[in-house]
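S.K.: For reference, the structure I am asking about is given below.
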Amino acid sequence: MEEKPTSNISSMIESILNDVNALIRGHIELAKAEIQESVKNALQSSALFIIAILFGHFALVMLLISAGFGLVSAGLSAWAAFLILACAILILGGLALWLAIRRLKKVRGPVKTLNSISETTQSFRLD
Numbered sequence: 103m104e105e106k107p108t109s110n111i112s113s114m115i116e117s118i119l120n121d122v123n124a125l126i127r128g129h130i131e132l133a134k135a136e137i138q139e140s141v142k143n144a145l146q147s148s149a150l151f152i153i154a155i156l157f158g159h160f161a162l163v164m165l166l167i168s169a170g171f172g173l174v175s176a177g178l179s180a181w182a183a184f185l186i187l188a189c190a191i192l193i194l195g196g197l198a199l200w201l202a203i204r205r206l207k208k209v210r211g212p213v214k215t216l217n218s219i220s221e222t223t224q225s226f227r228l229d
C-alpha cells in the first residue's frame, strides 16, 4: 500500500514546526542566561558604588574632625594623624569607584542571543 503524499507533507511541516519551536526555545534560554549575567554584574557594580560612597563619607568626616583639631590646637600631632587617615580612606574610595566603573562597563544586553537570531534569520533567506 502506498503512503499518501499529504501524509508526507504534513509530517515534514510538523517536523519543521518542531524545529522552529526548539530553535525559539533555545534563543529564549540563551537570552535568559545573558540577562542573568548582566544583572549579576550590575548588582556587583552597585555594591562597589555604595562602598565608594561610604568611604567618601568617612573621609569627609575625618577631614572635618581634622580641621576641628587643627583649629583648636594649631599643633601638628592629632589632626595630622586624622588627615593622613582621611587621605588613605579617599584613596580606598577612589579604588572602589574605579572598580565599580570597570564592572559597570561589562554590563551588556543579550548580545549572543541577538547574534544567534541574526544568523538564524540569515540561514532562512533564500538568496
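Going by our numbering, the first residue of the sequence shown is number 103, and it counts up by one from there.
A virtual CB, placed ideally from N, CA and C, is assigned to each residue, including glycine.
Just so it is clear, the structure is predicted and the values come from calculations on it, not from any experiment.
With DSSP collapsed to three states, give me the class of arginine 210.
M.R.: Three-state result, arginine 210: coil.
S.K.: Taking just the CA atoms, how far does lysine 142 sit from isoleucine 118?
M.R.: The alpha-carbon atoms of isoleucine 118 and lysine 142 are separated by roughly 36 Å.
S.K.: Which of the three DSSP states, helix, strand or coil, is assigned to arginine 227?
M.R.: In the structure shown, arginine 227 sits in coil (DSSP, three-state: anything other than H, G, I, E or B).
S.K.: Rounded to whole angstroms, what's the CA-CA distance from isoleucine 152 to leucine 201? Just pull it up for me.
M.R.: Taking the straight line joining both Cα atoms gives about 12 Å.
S.K.: Is it the case that the Cβ atoms of alanine 149 and threonine 215 are separated by a distance below 8 Å?
M.R.: No, these two residues do not count as a Cβ contact at 8 Å.
S.K.: If you scan the region 115-177 from start to end, which runs of the beta strand (DSSP E) of 3 or more residues do you find wholly inside it?
M.R.: You should have found no qualifying run.
S.K.: If contacts are defined as beta-carbon pairs under 8 Å, then arginine 205 and glutamine 146 qualify, I think. What distance do you get, rounded to the angstrom?
M.R.: Confirmed, Cβ separation roughly 6 Å.
S.K.: If you count every other CB in all the chains shown that lies within 10 Å of the CB of methionine 164, and 16 or more means buried, which is it?
M.R.: With 16 or more Cβ atoms within 10 Å of its Cβ, methionine 164 is classed as buried.
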